[in-house]
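Peer 1: Protein chains in written order, with the working numbering: chain A, -14 to 350; chain B, 102 to 389.
The C-beta atom is built at its ideal place from N, Cα and C for all residues, glycine as well.
Pasting a structure here, questions to come.
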Amino acid sequence: MATVSLKNLTKSYGPVAVVHGIDLEVADREFIALVGPSGCGKSTTLRMIAGLEAISDGVIEIGGRMVNDLPPRSRNISMVFQSYALYPHMTVRENLGFSLKIAGAAKEEMDRRVAEASGILGLDQLLDRRPSQLSGGQRQRVAMGRAIVRDPDVFLFDEPLSNLDAKLRTQMRTEIKKLHAKVKSTVIYVTHDQVEAMTLADRIVIMRDGFIEQVGTPDEVFRRPQTRFVAGFIGSPPMNLHEAVVDDGQLLFASGEKLPLPSQFKANVETGDKVVFGLRPDDIYPTGHGISSGEDVDVHQVELPVTVTEPLGNETLVFAEFNGSDWVSRMLNPKPLKAGDRVKMSLDLSQAHLFSAETGKTLRG
Amino acid sequence: MDQNSLHRAGNKALRIVHGIGLFLAMLVICLPGIWIVLSSLRPTVEIMAKPPVWIPQQLSLDAYVAMFSGVGKGGIPVLDYFRNSLIISVTSTLIAIAIGMAGGYAFARYRFHAKSAMFLGLMLTRTVPGIALSLPLFFVFARLGIIDTHFGLILVYVALNVPFTIWLIDGFFRQVPKDLAEAAQIDGCTRWQAFWQVEFPLAGPGIASAGIFAFLTSWNEFALASQLTRSINSKTLPVGLLDYTAEFTIDWRGMCALAVVMVIPALTLTFIVQKHLVGGLTSGAVKG
């Protein structure tokens, strides 16, 4: 088990830089998720850590040892690929034992470790099958088993669940979490799915266009997004984000509608500042159908016309028009609503976010 | 008749037409082969008869017996020709496959300068008819003193086969997901080990088919071999067929018999290897 440290890590293809000198410290046994939209450089970063991609500048250390120029086999890592990358001409047993065979391990040692890994992942019945005879979820497990057998310092996961259907994905997500609890190793997990990142990781690294936007615990990135991008990326359904101008203690929206300036930002903005106002669907709800944030409640009430409703059973997503576009709100303990109804909405402004329209950075002090 | 039975009858008719069509196609493909085998077994009178005698009246193995009898008794040095053919075809195939694997892998996996131009160049060499090269080759080989040697023909056949093996093997390596070699490297392989342990076995069927094609090309090639060989030192079986032509006569029966002898090893090899030409071996490697 080991720490991983990235210092000024850079990757360019010719004149095009795809990772712009990122810095990241991963603690021993920590589960880190790299998350971001496609093309943000997260997979490239992972491949650089794995040694599959040469780095253009900077330093990668694994367990305090610089590995910049070491080939993948000398880094003592293992990786689970998005495509699983199982060796199709080998049985599950041979797939699991491949790294040990290459390392020249004794037969007994190999059998013992393969049995151990297949025990952890419930692969005992499948050892003599070939990858083509396995279902998606089973292949996924074999891929993880192959990673465990190596007993690596660091596990790298490259979007391991994106080829599975929704139900299996949820199930494997839980298995990965259990696995991490069992093998207690450092994990770097790349995903574009923020739900996976939130549910699995100790800390989340949100990347965008080759830069790190924010590093934090799931709670931090959800409650205290540092940038407008993070605010919009984390959370499902996404945060309502709308541009406004600060006008004498009020927020003036383009449509002419106004909201009071949330008190927590009063010290940080002045009249005339262009800002982006953000409110999570949980913090805007038909009055009487939301979760109160408890203390500091700064609830503002407006009546809005409903445009669409999406009933989910235990809750309903209500789209209501404000400032010329639809705002998503989460109605708990739902009551029937239909398009066109005018509903009294509660906006919990104590939970609101404000970002600079210019830099996209948070205006929280 | 109701609609269902109408469709059933239609399907049945279609199957019969399909069967007849296939039979006719196979007849066209197989008839020359059958004719060679038949002609090797029947007397010259019957072979030359007009109108043709379709059903052989008398069959004998005389031509085969004569072929293996010594010179002067109607025999030809079949075993020498066979040995030459085998040495030249096997060696040139192995070399062509080795070069084809290296080249095909490079084209499939690496990015390098002028890649597509090189690939196109290789393919363009196939557009030159081999026979057009025979005269220049003859002059060059004469200067180098490699006329009538195994080496000379091997050189020619390697050059003839390499563009084709590269092209074919390139396609098969492209089908092997790149992830597999990367996974192998993470599992502790060097680049070289990853190739032999993972990519090579998966591209195996493709390499085998490239091998068969290269072998058959060399085994059957006549035009260049007839120019570049002189004696039993290097004459191959196809060139040996000419031994049955004299100034005024052609021994069609003997020629057909030698053709049958030539075909047998090629046919056997193809049968052995075709079992391994199973496509889709890579299924299950990635997602699915």
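For Ser384 of chain B and Ser117 of chain A, I'd like the C-alpha separation in whole angstroms.
Peer 2: Caution is warranted here: a pLDDT of 41 is assigned to Ser384 of chain B, below 50, making its placement in the model unreliable, and no coordinate value can be reported.
Peer 1: Which chain A residues sit within Cβ distance under 8 Å of Ala199 of chain B?
Peer 2: In chain order: nothing, as chain A lies at least about 21 Å away.
Peer 1: Have a look at the DSSP bridge pairing and note the partners of Lys259 of chain A.
Peer 2: Lys259 of chain A pairs with A:Val230.
Peer 1: Compare the C-beta of Gln276 of chain B against all C-beta atoms of chain A and say whether one is closer than 7 Å.
Peer 2: Closer than 7 Å: no.
Peer 1: State yes or no: is the beta carbon of Val154 of chain B nearer than 7 Å to at least one beta carbon in chain A?
Peer 2: No - not a single Cβ of chain A is within 7 Å of the one on Val154 of chain B.
Peer 1: Below 7 Å between beta carbons is the criterion; list the residues of the segment 64 to 80 of chain A that meet it against any residue of chain B, in chain order.
Peer 2: Listed by position along the chain: Met64, Phe66, Ser68, Tyr69, Ala70, Leu71, Tyr72, Pro73, His74.
Peer 1: Measuring only the C-alpha atoms, how far is Ser331 of chain A from Gly107 of chain A?
Peer 2: Going from the Cα of Ser331 of chain A to the Cα of Gly107 of chain A covers about 49 Å.
Peer 1: Considering only residues of the same chain and omitting the five flanking positions on each side of Asp181 of chain B, which have a CB-CB separation below 8 Å?
Peer 2: Here the set comprises Ile333, Lys336.
Peer 1: Determine, for His119 of chain B, whether the minimum Cβ-Cβ distance to residues of chain A falls below 7 Å.
Peer 2: Not closer than 7 Å to any Cβ of chain A, the Cβ of His119 of chain B fails to qualify, so no.
Peer 1: I need the DSSP call for Phe196 of chain A, collapsed to helix, strand or coil.
Peer 2: Strand.
Peer 1: Pick out whichever of B:Gln375, B:Ala367, B:Gly222, B:Val277 has its Cα sitting closest to the Cα of Leu187 of chain B.
Peer 2: Nearest of B:Gln375, B:Ala367, B:Gly222, B:Val277 to Leu187 of chain B, Cα basis: B:Ala367.
Peer 1: Helix or strand or just coil, what does DSSP make of Pro245 of chain A?
Peer 2: Pro245 of chain A falls in the strand class under three-state DSSP.
Peer 1: Closer than 8 Å, Cβ to Cβ, to anything on chain A: give me those residues from the segment 295 to 310 of chain B, in chain order.
Peer 2: Within the segment 295 to 310 of chain B, the qualifying residues are Gln298, Val299, Pro302, Leu303.
Peer 1: Among A:Leu244, A:Arg50, A:Met64, which one has its Cα closest to the Cα of Ser28 of chain A?
Peer 2: Ranking A:Leu244, A:Arg50, A:Met64 by Cα distance to Ser28 of chain A puts A:Met64 first.
Peer 1: Please tell me whether Val364 of chain B has its Cβ less than 7 Å away from any Cβ of chain A.
Peer 2: No, its Cβ sits nowhere closer than 7 Å to a Cβ of chain A.
Peer 1: Label Met74 of chain B either buried or exposed according to how many other C-beta atoms from any shown protein chain fall within 10 Å of its C-beta, with 16 as the threshold for buried.
Peer 2: As shown, chain B starts at 102 and ends at 389. That puts residue 74 of chain B outside it, with no answer to give.
Peer 1: Terminal residues of the continuous alpha helix (DSSP H) containing Pro116 of chain A?
Peer 2: Counting along the chain, Pro116 of chain A falls outside any alpha helix (DSSP H), and DSSP gives it neither H nor E.
Peer 1: Residues of chain B with CB under 8 Å from Phe304 of chain A, in chain order?
Peer 2: Per Cβ cutoff of 8 Å: no residues; Phe304 of chain A is ~35 Å from chain B at best.
Peer 1: Quick one, are the C-beta atoms of Glu144 of chain A and Val175 of chain A less than 7 Å apart?
Peer 2: Against a cut-off of 7 Å, the Cβ pair of Val175 of chain A and Glu144 of chain A comes out as a contact.
Peer 1: In this structure, does DSSP put Phe323 of chain B in helix, strand or coil?
Peer 2: Correct three-state label for Phe323 of chain B: coil.
Peer 1: Check whether the segment 3 to 10 of chain A and the segment 29 to 43 of chain A are in contact - that is, three or more C-beta pairs closer than 8 Å.
Peer 2: Enough Cβ pairs lie closer than 8 Å, so yes.
Peer 1: Three-state secondary structure (DSSP) at Glu306 of chain A?
Peer 2: Residue state, collapsed to three classes: strand.
Peer 1: Does Gly289 of chain B have its Cβ less than 7 Å from a Cβ in chain A?
Peer 2: Yes, because at least one Cβ of chain A sits closer than 7 Å to the Cβ of Gly289 of chain B.
Peer 1: Taking CB distances under 7 Å as the criterion, tell me whether Ala215 of chain B reaches chain A.
Peer 2: No, Ala215 of chain B lies away from the interface with chain A (no Cβ there is under 7 Å from its Cβ).
Peer 1: Output yes or no for whether 7 Å exceeds the beta carbon distance between Arg213 of chain A and Val260 of chain A.
Peer 2: Against a cut-off of 7 Å, the Cβ pair of Val260 of chain A and Arg213 of chain A comes out as no contact.
Peer 1: Do we get a CB-CB distance below 7 Å when we pair Ala209 of chain B with the residues of chain A?
Peer 2: For Ala209 of chain B, the answer is no, since every Cβ of chain A falls outside 7 Å of its Cβ.
Peer 1: Just how far apart, CA to CA, sit Thr184 of chain A and Ala35 of chain A?
Peer 2: Each residue's alpha carbon lies about 24 Å from the other.
Peer 1: Count the CB pairs spanning the segment 354 to 364 of chain B and the segment 135 to 154 of chain B that are closer than 8 Å, and state whether there are at least three.
Peer 2: Taking 8 Å as the limit for Cβ pairs, the verdict is that the segment 135 to 154 of chain B does touch the segment 354 to 364 of chain B.
Peer 1: Give the secondary structure of Leu348 of chain A by DSSP, where H, G and I count as helix, E and B as strand, and everything else as coil.
Peer 2: Coil at Leu348 of chain A, not helix or strand.
Peer 1: Counting only the same chain and skipping the five closest in sequence on each side, list residues whose C-beta sits under 7 Å from that of Ala12 of chain A.
Peer 2: So the list reads Thr(-12), once near-sequence residues are dropped.
Peer 1: For Gly298 of chain A, tell me which candidate among A:Leu317, A:Trp312, A:Asn308, A:Thr344 has the shortest Cα-Cα distance.
Peer 2: It is A:Leu317.
Peer 1: For the 8 Å Cβ check, are there 3 or more pairs between the segment 227 to 239 of chain B and the segment 312 to 329 of chain B?
Peer 2: Touching, yes, given that three or more Cβ pairs across the two stretches are closer than 8 Å.
Peer 1: Which residues mark the beginning and the end of the alpha helix (DSSP H) in which Pro366 of chain B is found?
Peer 2: Counting along the chain, the alpha helix (DSSP H) containing Pro366 of chain B begins and ends at 353 to 375.
Peer 1: Return the chain-ordered list of same chain residues with a C-beta closer than 6 Å to the C-beta of Leu115 of chain B, the five sequence neighbours on each side being excluded.
Peer 2: The answer is none, since no qualifying residue turns up.
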